[in-house]
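Sequence lines, in order, name chains A and B. Heads up: the first sequence is residues 269 to 795, going by our numbering. Heads up: the second sequence is residues 269 to 795, going by our numbering. Beta carbons: idealized from backbone N, C-alpha and C, even for Gly.
There are 2 protein chains.
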Amino acid sequence: MNFQKVLIAGKWRESQNPVDHFNAVDPAKKQKLPEIYPVSGTNEVVEAIEAGKKAAVELRNIPRENFALFLESFADRIDANADELVVIANLETALPKEPRLRNGELPRTTDQLRKAAKAARELNWCHATIDSPINIRSKMGPLDGPVAVFGPNNFPFAFNSIAGGDFAAAVAAGNPVIAKANTGHPGTTLVFARLAFDAVVETGLPPATVQMLYRTPPELGLQLVSHPDIGASAFTGSKTAGLKLKAAADKAGKPIYLEMSSVNPVFILPRAVEERFDEIATELFGSCALGAGQFCTNPGLMILQKSDLTEQFIRTLAEIFDNNRPGVLLSPQGPDGIGAAVEILKSAGAEVIAGGNTVEDEGYRFANTLLRVDGKTFISNPLALQTEAFGTASLIVVADDFRQMKEVASVMEGNLTGCIYSHTQGKDDTDYTILEPELRPKVGRLLNDKVPTGVAVVSSMNHGGPYPATGHPGFTAVGLPASMLRFAALYCYDNVRPNRLPIELQDKNPTGSMWRLIDGEWTQRDV
Amino acid sequence: MNFQKVLIAGKWRESQNPVDHFNAVDPAKKQKLPEIYPVSGTNEVVEAIEAGKKAAVELRNIPRENFALFLESFADRIDANADELVVIANLETALPKEPRLRNGELPRTTDQLRKAAKAARELNWCHATIDSPINIRSKMGPLDGPVAVFGPNNFPFAFNSIAGGDFAAAVAAGNPVIAKANTGHPGTTLVFARLAFDAVVETGLPPATVQMLYRTPPELGLQLVSHPDIGASAFTGSKTAGLKLKAAADKAGKPIYLEMSSVNPVFILPRAVEERFDEIATELFGSCALGAGQFCTNPGLMILQKSDLTEQFIRTLAEIFDNNRPGVLLSPQGPDGIGAAVEILKSAGAEVIAGGNTVEDEGYRFANTLLRVDGKTFISNPLALQTEAFGTASLIVVADDFRQMKEVASVMEGNLTGCIYSHTQGKDDTDYTILEPELRPKVGRLLNDKVPTGVAVVSSMNHGGPYPATGHPGFTAVGLPASMLRFAALYCYDNVRPNRLPIELQDKNPTGSMWRLIDGEWTQRDV
Chain A
269 MNFQKVLIAG KWRESQNPVD HFNAVDPAKK QKLPEIYPVS GTNEVVEAIE
319 AGKKAAVELR NIPRENFALF LESFADRIDA NADELVVIAN LETALPKEPR
369 LRNGELPRTT DQLRKAAKAA RELNWCHATI DSPINIRSKM GPLDGPVAVF
419 GPNNFPFAFN SIAGGDFAAA VAAGNPVIAK ANTGHPGTTL VFARLAFDAV
469 VETGLPPATV QMLYRTPPEL GLQLVSHPDI GASAFTGSKT AGLKLKAAAD
519 KAGKPIYLEM SSVNPVFILP RAVEERFDEI ATELFGSCAL GAGQFCTNPG
569 LMILQKSDLT EQFIRTLAEI FDNNRPGVLL SPQGPDGIGA AVEILKSAGA
619 EVIAGGNTVE DEGYRFANTL LRVDGKTFIS NPLALQTEAF GTASLIVVAD
669 DFRQMKEVAS VMEGNLTGCI YSHTQGKDDT DYTILEPELR PKVGRLLNDK
719 VPTGVAVVSS MNHGGPYPAT GHPGFTAVGL PASMLRFAAL YCYDNVRPNR
769 LPIELQDKNP TGSMWRLIDG EWTQRDV
Chain B
269 MNFQKVLIAG KWRESQNPVD HFNAVDPAKK QKLPEIYPVS GTNEVVEAIE
319 AGKKAAVELR NIPRENFALF LESFADRIDA NADELVVIAN LETALPKEPR
369 LRNGELPRTT DQLRKAAKAA RELNWCHATI DSPINIRSKM GPLDGPVAVF
419 GPNNFPFAFN SIAGGDFAAA VAAGNPVIAK ANTGHPGTTL VFARLAFDAV
469 VETGLPPATV QMLYRTPPEL GLQLVSHPDI GASAFTGSKT AGLKLKAAAD
519 KAGKPIYLEM SSVNPVFILP RAVEERFDEI ATELFGSCAL GAGQFCTNPG
569 LMILQKSDLT EQFIRTLAEI FDNNRPGVLL SPQGPDGIGA AVEILKSAGA
619 EVIAGGNTVE DEGYRFANTL LRVDGKTFIS NPLALQTEAF GTASLIVVAD
669 DFRQMKEVAS VMEGNLTGCI YSHTQGKDDT DYTILEPELR PKVGRLLNDK
719 VPTGVAVVSS MNHGGPYPAT GHPGFTAVGL PASMLRFAAL YCYDNVRPNR
769 LPIELQDKNP TGSMWRLIDG EWTQRDV
């Protein structure tokens, strides 16, 4: 068989002793795609780690400007090859070519790479801190080994293991990356790897700055994240897989950043329903159905208070769910995954009020699904009732009253986001004031009157949240420069001679405009 | 029996159903002290966690100014009660009253509390980030539960679980603390808890903002750090205990910050020995013997290159070690601990050239101990030869040449500090340039021509380092405001209405001088 090549230690080559192979699937046609991809074995993974470690050492002596040039060159190449990327990503994921892939995700991806370039060039990200009277200086810097990135299936571009946010942040912070393609879109990842490697060669970074393999047996993933020569890992995907990787990395003392499941509760206060009934229903369905519901920030849980109007709202929403054709799911496993989650929700006491079944249609589809449960039942079994169904499937919790609504918030697990809809003229404000402190510490991003899908790439973004949404509540996967801090260590220089300091910590401001904390003050001046 | 009281849920009270009891020991006289302390059981620990969780919720509505006032009031009370603290700490630890306790550690402790107050008041620590066109705003904020602090035995004041750096950072970030006293100095911790609680009452914080118990069975420590209502934990102490706590906390998805063992390598380049033979020998011994060698940053490993002068240097150092009376160790377990470590080093091929034995003398003492090993042996068995001996016991590695010295650096584990001594006029500079990149990523703080003991409380300090010196290379335990980031989560506000924003993120700069990152620029202006 003729396998697609892997990118290891600066070479495009046949996989050495692959342990298995696989094909990608066109989910719209339910057909295997012709290309065959190798499953890498131990030697290949270890070789990648060793090459990555060498690259990490070499990268320490390379000016940040080269990292910026690399990221920009890569972004330009992505733009120039947009057609090819859109075609293959659409084939592998069934995500619409337009607007989603070409006009949404692709520009978002290149924008993110360019913002990472800007962050690498501006140097502000490293929090250079100088206490001049005592001559102690510190800054964040790259890790002592490559960063392993495991990308998810739902964003073939923006969260791709070799083009997405984790990749951009890890490289901008000065680290090489070992990308493990998502097995749902290996062909897309291959194109990115080709473009990234061409940019590496053009900008003179060490060849093993970017490496890519398609798949490993699960136990090799555990070896990868816990290897002594790995700097850190980033994983976006299921809780089951994420927690296994976390356990392995934790045991080895290796940082790992996970973005796992999240049901993204939306609390809708009564006066908001009164005021903006149709608007909210439409907005919610739009958010639930975006990307066939396969978004990390998909609103999987909506909390309302019992009333006639609420019943009417639920009926309206159920009708919208029923009357819209469900989107094509990313993979053959999609419908079964949603079905299994719906069964768990039902066993825990939820009732299906729309959909609930696999749809026999072109492509893998699951009916737009809405479930409901009362507040008391939710509170008595909160873990099962926070099971994520990765698709357009949401659970409505009908609380008896505000007090119970607040209690629902208090039993929530950690989530990426939480929304509160309230009356625009303040009629719900007393309740908001009581609800907010319950919800706030449980979510990374709190929204008002706005659906959680759509994660802006801005410095203030937090695409993170308390466990089990992620592994640590202090870090974000989106938003530069903060996302770079995941792939960095704090390095202090005590009495180190001036000519031996990294440029970020020398007396002279290296860019003339870099922000540094000098003697307690953020400043752009020289020491 | 009459047990000393614990401080739980805002009450000084008898321990409920203690599972055991213990006395502190005067290590200078090898005598039990009269006071009896309870070992708390499950119910008491759970009660503390529940009270701490409630306090965490209440603290969210309390202005930062009150936290600052509390920390300052506590510092003032410590100053006013310095005599009592010095007497009892000296009794429990045998650390000299003067200068160590009264003139060194006590002012350091109050300075740290006052710096934490300043950081809480200035608000800069929270990295307020605002993107005004899109109205997304974020900042770091307190965790969703109390912080458990496990203090070490070697700094009864500055790292005390209820007065030290972790306590100050956790409270300044807005969290309640559950302090687990170090069992070496329960009486000192009791005095601190009394002063802290008086300050809590005075400044109107929730009573359970500070809680204190003396000891728990080990399995209860694991429950404490992994309890669903705990925000995070901080531990300073042995690697054995630290790794057990880490495993429990990791499994529960709870952040834990550990400061564990570190041998703090000191590389001495040949021309530095030629140039400053006596100065370096004296300085090194001073650092090795400080606090009877029981410092986290104690230089436990020195690396030199083979030469006649090196032999002479080693003989001189061995003489100094032999000719100085060893200090009194902190606990009855001290001599055995050092002895066991020395045995491991010997089994791995090291040779004792000074000391090596317990000293029968007033107080618990172990002879000042120096061992040596050749570079080849070190490189062949680096883990065993990096065993920390917690006392004045250091291993000298004699490398054949510079190449081997560099290889020694390359096999080092993560450490808090690493020093390089080199010729002041640059004669070692070529070697420095090659050695530094090997050593740099393995240590939190890199020093030039300076011993690692003495950890300045300044913003640029890093008292942290790669695993296994700590559990995460991105955080520091000393240095405000950075140390506060350990006890914080990132909270983002997306489209949240202006009157609902925390003051740090409102348009108006809350202090008039707080530094915020607004639209990409660090500024003190309003939005």
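Sufficient close CB pairs (3 or more, under 8 Å) joining the segment 726 to 745 of chain B to the segment 697 to 708 of chain B: no
Residue 725 (chain B) at chain A interface by Cβ criterion, 7 Å: no
Does the beta-carbon of residue 367 (chain B) have 16 or more other beta-carbons within 10 angstroms, so that it is buried, or is it exposed? exposed
DSSP-derived helix/strand/coil call for residue 330 (chain B): coil
Interface residues of chain A facing residue 782 (chain B) [CB-CB closer than 9 Å]: In chain order: nothing, as chain A lies at least about 10 Å away.
Interface residues of chain B facing residue 718 (chain A) [CB-CB closer than 7 Å]: 762, 763
Residue-level contact to chain A via CB, residue 617 (chain B), 7 Å cutoff: no
Below-7 Å beta-carbon distance, residue 544 (chain B) vs any chain A residue: no
Are there 16 or more other CB atoms within 10 angstroms of the CB of residue 739 (chain A), so buried, or fewer, so exposed? buried
Are there 16 or more other CB atoms within 10 angstroms of the CB of residue 455 (chain B), so buried, or fewer, so exposed? buried
Neighbour-count burial assignment, residue 448 (chain B), 16 or more Cβ in a 10 Å radius: buried
Within 7 Å (strictly less), CB to CB, does residue 453 (chain B) reach chain A? no
Does any C-beta atom of chain A lie closer than 7 Å to the C-beta of residue 446 (chain B)? no
Report yes if the C-beta distance between residue 622 (chain A) and residue 638 (chain A) is below 7 Å; otherwise report no. yes
Taking Cβ to Cβ, would you say residue 452 (chain A) is nearer than 7 Å to residue 421 (chain A)? yes
For chain A, is any of its Cβ atoms less than 7 Å away from the one on residue 664 (chain B)? no
Leaving out five residues before and five after residue 467 (chain B) in sequence, what residues of the same chain have Cβ atoms less than 7 Å from its Cβ? 338, 341, 342, 345
Sorted by chain position, which residues of the same chain lie with C-beta nearer than 8 Å to residue 727 (chain A)'s C-beta, five sequence neighbours on each side aside? 747, 748, 749, 750
Within-7 Å CB hit, residue 735 (chain B) to chain A: yes
Would you tell me roughly how many angstroms separate the C-alpha atoms of residue 699 (chain B) and residue 765 (chain A), rounded to the nearest one? 15 Å
Inter-stretch contact (C-beta, 8 Å, three-pair minimum) for the segment 301 to 310 of chain B and the segment 428 to 444 of chain B: no
Using the Cβ count rule (16 or more neighbours within 10 Å means buried), how would you classify residue 608 (chain A)? exposed
Other residues of its chain near residue 477 (chain B): CB distance less than 8 Å, five sequence neighbours each side excluded: 323, 327, 338, 439, 444, 445, 468
At the 7 Å Cβ level, is residue 399 (chain A) part of the contact set with chain B, yes or no? yes
Output yes or no for whether 7 Å exceeds the beta carbon distance between residue 520 (chain B) and residue 494 (chain B). yes
May I ask you to list, following chain order, the residues of the segment 296 to 325 of chain B that have a beta carbon less than 7 Å from some beta carbon of chain A? 325
Return the chain-ordered list of same chain residues with a C-beta closer than 6 Å to the C-beta of residue 744 (chain B), the five sequence neighbours on each side being excluded. 730, 731, 732, 750, 751
Residues in its own chain within less than 8 Å of residue 619 (chain A) by CB, not counting five upstream and five downstream? 639, 640, 641
Which of helix, strand or coil does DSSP assign to residue 560 (chain B)? helix
Straight-line gap, residue 595 (chain B) to residue 559 (chain B) (C-alpha atoms, nearest Å): 7 Å
C-beta atoms of residue 667 (chain A) and residue 774 (chain A) nearer than 7 Å: no
Taking the continuous beta strand (DSSP E) assigned at residue 408 (chain A), which residues delimit it? 404 to 410
Extent of the continuous alpha helix (DSSP H) run through residue 439 (chain A): 433 to 440
Within chain B, partners of residue 503 (chain A) - CB distance below 9 Å: Per Cβ cutoff of 9 Å: no residues; residue 503 (chain A) is ~14 Å from chain B at best.
Using CA atoms only, rank isn't needed, just tell me which of B:542, B:549, B:557, B:612 is closest to residue 576 (chain B). B:542
For residue 569 (chain A), the three-state DSSP class (helix, strand or coil): strand
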